[in-house]
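Chains as they are written, first to last, in the numbering used here: chain A, 2 to 455; chain B, 2 to 455.
The beta carbon of each residue, even a glycine, is placed where N, CA and C say it ideally should be.
Here the structure is laid out as structure tokens; the discussion comes afterwards.
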């Protein structure tokens, strides 16, 4: 793994750093890492600029001077969730990239750091090609972040550990809640294309019989009948069932449940016309409200509605009512934005690594690398868990070859992390994810012991 | 404030403790308090029994022997959310209460502790009247808990501080998230009849312009037009708007939004037939699924669906689209079960007080009181915050006189805690709630300072 290296000696000029895409709990640690490391290289790095709202702001030359920020202010921001510089969801056009380059030239920016997901890596690659074509020495680095944990090349992504910790603690509570008041509960987690975050719900298990009892992810297409059969089986065994489902769970054609003809056909076969009518009414309402939108990357925005959770709860209740004559107590929650920006739930490891990738990006730039994406190499597990930063090419992390072939450029959950039935994770996943999340709070269980009567 | 006192000397016998209603993060501290204190009185309190799943289990004589539990096991349970003994939502009939009394007599139970909300206090009162009529000396105590903070008499309720802390931290994150990616966001919080928990969102504010910018609670009826106008005004000012709304927000007749004829009429007048159709379709779907249920206290279960949040988001987007020609980015979340049982978010003060009320209940029983509910008396605020436990009558805490008149037996947010417009809390509320929540995590803001350009 290495970026393109062109040792032209160390270039002197200004630095700009920006943040892009959805927030994480530790994205400001990476920002802090860039600033703190840059201050060690005053001979080469002169001014330290921040883009206000990513490249969207940078294109308007909306720039913040970060050079004079006091360590205390920076430290407080670093410990706070969400992008301190502001963010954007803009995928720059070729023209935008040219303009970004022109602004860099105008401001004598020689060091360009973009903290974001794979689309940010893609943008960074384009900008640097334009700089190279103009014979302007620009160092362009991508600093990874995403709660989705789906970036290529890297072992895992800064931001994931903290989001996974939130999800694990949420499921710990939901599981104890359900032990106290039994029923069926379906929790929908973030993850449109990959199930990494949903899978982290498994970390909530501690005692025999603990939930989540079922985990559904986009990597394993499902039918409603399969899901209902799974839940029904668990419910018979434990008199309760806690389910984790990704918002992006899909049918065998890869279509999300709420946009799937297969699911509609199943609902029809199951005699659940009222669900179909509700889905149609939902679509009409969203359309009328101007909310049936897609972002500029083409993703349909599901994360703002509770539709999937409500649908699944009703289908499960209706199916089990038919099976047993009585609907069990079924509830659902859509975990929401708290997964990515809840204040106060931070994985220590994640926080440290987010800082490290920011610092490493600057170090690589000073070492003469002209571009690249900082990735995390895991060199040990369990008690020997250890990671080292490494440099990968922007195009590899962006998945440029996949994008050119029209294929998805994200990393799905590995096969080894999913069980044969496609409704749970394996012990290998727990081993992978646990060090990223770190210590979890107590989960005590009052053992029944001998009951007095009966 | 005092319970009925009948000094007959100290009675000797067994103890039973149970937990009822929705979980809280610290309800097991109260359980721990009862057990720990009871162990100090071995001369009088012989066996320590736990009801498995509250009175529902007790009626089946499903009882756990708590006497031999090791401190370590108890401590771990005490630090975990949700009812360690299991819970129930059963409101006992007069016959149930007679049976409960018979079981007490059979097991020589002389000390009866029920940790729960106002319905638990009501049940406890009935049981003790039966015991008295049978000339059986039973000490019956209610130990308060509820995230809703709506019990009568007491200054505040164990369980509220931790839930309020969760809500505050959630809004801190949501606010920073929205600063990074501006738009409109509506977060629906638990609270069917009282807005205490929703009001706690205000604790998330730290900097000028911080959200939540609007807070809607059941105590202040609203129309959709008022809400849309509020949001539109804030959005013009800050280019963003974060809203906290109780699940129980209602119209002027006290009907919840999703069951309100006024709201339907408004939607009709606003030309939002698609929302009405969706509401109807939702009702049909819930009915088909057997989920259009009420619990045995007569509350309609809203907390399991995301309907209110989805509806509000669509109405606001549609209305603003008409006003400005373009729908702003509107999102909504329904905060869900995490509010009551998230593992790892605990207010230290809340935890300590929950333990204290459990201990105090046993102490009062040993002092010769025959029944009562332990309440919290606040004797200082701010840095001088201090509470003392006190004993109130079961009937006062249960609001028996109100129930007999057919009136609600919960404590609404005081008028002094709500602003004149009915869309925010006052500084008095912050002063009231802050000590209950305790320290909040950092919320750093990168000040713009001088921008370089423009």
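- Under 8 Å by Cβ, that's how I've got residue 376(A) and residue 154(A) pegged, so tell me the actual separation to the nearest angstrom. For this step, residue 376(A) is matched to residue 375 along the first chain. For this step, residue 154(A) is matched to residue 153 along the first chain. Confirmed, Cβ separation roughly 5 Å.
- Sort out for me which residues DSSP pairs residue 145(A) with in a bridge. The count along the first chain starts at 1 and reaches residue 145(A) at position 144. In the DSSP secondary-structure assignment, residue 145(A) is bridged to 117(A).
- Query: Does residue 315(A) come within less than 9 Å of chain B when only Cβ atoms are used?
  - Reply: By 1-based counting over the first chain, the position of residue 315(A) is 314. Chain B, which has a Cβ nearer than 9 Å to the Cβ of residue 315(A), makes this yes.
- Query: Can you give the beta carbon distance from residue 312(B) to residue 259(B), rounded, assuming they're within the 8 Å contact cut?
  - Reply: Translated into the one-based positions of the second chain, residue 312(B) becomes position 311. Translated into the one-based positions of the second chain, residue 259(B) becomes position 258. Contact check for residue 312(B) and residue 259(B): beta-carbon distance about 7 Å, within the 8 Å limit, so the pair qualifies.
- Query: If we ignore side chains and look at the alpha-carbon of each, how far apart do residue 77(A) and residue 228(A) end up?
  - Reply: Residue mapping note: residue 77(A) aligns to position 76 of the first chain, counting from 1. Residue mapping note: residue 228(A) aligns to position 227 of the first chain, counting from 1. A straight-line Cα-Cα distance of about 44 Å links residue 77(A) and residue 228(A).
- Message: Counting beta carbon pairs with one atom in the stretch 145-162 of chain B and one in the stretch 177-186 of chain B, are three or more of them shorter than 8 Å?
- Response: With a cut-off of 8 Å, the stretch 145-162 of chain B and the stretch 177-186 of chain B do not count as touching, because too few Cβ pairs lie within range.
- Task: Select from the stretch 140-171 of chain A all residues with a C-beta closer than 7 Å to any C-beta belonging to chain B, and list them in chain order.
- Result: So the list reads 170 and 171, given in the order they occur along the chain.
- Message: For residue 127(A) and residue 217(A), I'd like the C-alpha separation in whole angstroms.
- Response: If you number the first chain from 1, residue 127(A) lands on position 126. If you number the first chain from 1, residue 217(A) lands on position 216. Rounded to the nearest angstrom, the two C-alpha atoms are 36 Å apart.
- Query: Going by Cα to Cα distance, which pick from 82(B), 306(B) and 240(B) is closest to residue 189(B)?
  - Reply: The residue you call residue 189(B) lines up with position 188 of the second chain. Ranking the options by Cα distance to residue 189(B), first place goes to 306(B).
- Query: Terminal residues of the continuous alpha helix (DSSP H) containing residue 106(A)?
  - Reply: For the purposes of this step, residue 106(A) is identified with residue 105 of the first chain, where counting begins at 1. Segment 95-107, the alpha helix (DSSP H) holding residue 106(A).
- Query: Among 283(A), 326(A), 38(A) and 405(A), which residue has its Cα nearest to the Cα of residue 273(B)?
  - Reply: Numbered from 1 along the second chain, position 272 holds the residue referred to as residue 273(B). Looking only at 283(A), 326(A), 38(A) and 405(A), the smallest Cα-Cα distance to residue 273(B) is reached by 283(A).
- Item | Counterpart residues of residue 393(B) in DSSP-defined beta bridges | Numbered from its first residue, the second chain carries residue 393(B) at position 392. The partner list for residue 393(B) (beta bridge, DSSP) reads 374(B).
- Apply the 10 Å Cβ neighbour rule to residue 113(A) and answer buried if 16 or more other Cβ atoms are within range, or exposed otherwise. Position 112 of the first chain, counted from the start, is the residue given in the question as residue 113(A). Per the 10 Å Cβ criterion, buried.
- Message: My output table needs one value for residue 436(A): the three-state DSSP class, helix, strand or coil.
- Response: The count along the first chain starts at 1 and reaches residue 436(A) at position 435. If DSSP states are grouped into helix, strand and coil, residue 436(A) belongs with the helices.
- Query: So, is residue 421(B) buried or exposed, given that buried needs 16 or more other C-beta atoms within 10 angstroms?
  - Reply: Your numbering for residue 421(B) matches position 420 in the second chain. Label assigned to residue 421(B): exposed.
- From residue 123(A) to residue 151(B), what distance separates their C-alpha atoms? Mapped onto the first chain, residue 123(A) falls at position 122. Mapped onto the second chain, residue 151(B) falls at position 150. Rounded to whole angstroms, the gap between the alpha carbons of residue 123(A) and residue 151(B) is 53 Å.
- Anyone know if the C-beta pair for residue 252(A) and residue 264(A) falls short of 9 Å? The residue labelled residue 252(A) in the question sits at position 251 within the first chain. The residue labelled residue 264(A) in the question sits at position 263 within the first chain. Yes; because the gap between Cβ atoms is below 9 Å, this pair is in contact.
- Tell me, which residues are paired with residue 112(B) by DSSP? Residue numbering aside, residue 112(B) sits at position 111 when the second chain is read from its first letter. Paired residue(s): 16(B) and 140(B).
- Query: Would residue 311(A) count as contacting chain B if we go by Cβ distances under 9 Å?
  - Reply: Along the first chain, one-based indexing puts residue 311(A) at 310. Chain B, which has a Cβ nearer than 9 Å to the Cβ of residue 311(A), makes this yes.
- Query: Any residues in the stretch 63-74 of chain B with a beta carbon nearer than 9 Å to a beta carbon of chain A? Which ones, in chain order?
  - Reply: Within the stretch 63-74 of chain B, the residues whose Cβ lies closer than 9 Å to any Cβ of chain A are, in chain order, 63, 64, 65, 66, 67, 69, 70 and 74.
- Message: Determine, for residue 223(B), whether the minimum Cβ-Cβ distance to residues of chain E falls below 9 Å.
- Response: Among the chains of the structure shown, chain E does not appear; the protein chains present are A and B.
- Proximity winner among 46(A), 15(A), 438(A) and 318(A), relative to residue 349(A) (alpha-carbon distances): On the first chain, position 348 is the one that residue 349(A) refers to. Among 46(A), 15(A), 438(A) and 318(A), the Cα nearest to that of residue 349(A) is on 438(A).
- Since residue 379(B) sits in a beta bridge, which residues does DSSP pair it with? Taking the first residue of the second chain as 1, we reach residue 379(B) at position 378. Looking at the DSSP assignment, residue 379(B) forms a beta bridge with 388(B).
- Task: Tell me, please, whether the stretch 37-52 of chain B touches the stretch 13-22 of chain B by the rule of three or more beta-carbon pairs shorter than 8 Å.
- Result: Touching, yes.
- Item | Coil, strand or helix - residue 52(A) by DSSP | In the first chain, counting from the first residue as 1, residue 52(A) sits at position 51. Annotated three-state conformation of residue 52(A) is strand, per DSSP.
- Message: On a Cα-Cα basis, can you pick out the residue from 271(A), 248(A) and 322(A) that is closest to residue 291(B)?
- Response: Numbered from its first residue, the second chain carries residue 291(B) at position 290. Out of 271(A), 248(A) and 322(A), 322(A) has the C-alpha closest to the C-alpha of residue 291(B).
- Message: According to DSSP, is residue 210(A) part of a helix, a strand, or is it coil?
- Response: By 1-based counting over the first chain, the position of residue 210(A) is 209. Under the three-state reduction of DSSP output, residue 210(A) falls in the coil class, being neither helix nor strand.
- Identify every residue that forms a DSSP beta bridge with residue 171(B). Position 170 of the second chain, counted from the first residue, corresponds to residue 171(B). BP columns for residue 171(B) are empty, so no partner.
- Message: Tell me the rounded alpha-carbon separation between residue 167(B) and residue 134(B).
- Response: On the second chain, residue 167(B) is found 166 positions in, with the first residue counted as 1. On the second chain, residue 134(B) is found 133 positions in, with the first residue counted as 1. Cα-Cα distance, rounded: 45 Å.
- CB contact flag (residue 353(A), residue 164(A), <9 Å): Position 352 of the first chain, counted from the first residue, corresponds to residue 353(A). Position 163 of the first chain, counted from the first residue, corresponds to residue 164(A). Not closer than 9 Å, so no.
- Where in the stretch 219-306 of chain A do unbroken runs of the beta strand (DSSP E), each at least 3 residues long, occur, reported from the N-terminal end onward? Runs of the beta strand (DSSP E) lying entirely within the stretch 219-306 of chain A and spanning at least 3 residues, in chain order: 242-247.
- For residue 21(A), name the three-state secondary structure that DSSP assigns. To locate residue 21(A), count along the first chain from 1; it is residue 20. Three-state result, residue 21(A): coil.
- Task: Helix, strand or coil for residue 166(A), going by three-state DSSP, please let me know.
- Result: In the first chain, counting from the first residue as 1, residue 166(A) sits at position 165. Correct three-state label for residue 166(A): helix.
- Exposed or buried, what is residue 8(B) when buried is set at 16 or more other beta-carbons lying within 10 Å of its beta-carbon? As a working note, residue 8(B) is residue 7 in the second chain. Caution applies to residue 8(B), whose pLDDT of 49 falls short of 50 and renders its modelled position unreliable; the model cannot decide the point.
- Is any beta-carbon of chain B found at less than 9 Å from that of residue 322(A)? Position 321 of the first chain, counted from the first residue, corresponds to residue 322(A). For residue 322(A), a Cβ of chain B is located within less than 9 Å of the residue's own Cβ.
- Message: Once the 5 residues before and after residue 297(A) are set aside, which same chain residues still bring their CB inside 6 Å of it?
- Response: Here residue 297(A) refers to the residue found at position 296 when the first chain is read from its first residue. With a pLDDT of only 48 at residue 297(A), under 50, the local geometry of the prediction cannot be trusted, and the value read off the model is given with reservation. So the list reads 92, once near-sequence residues are dropped.
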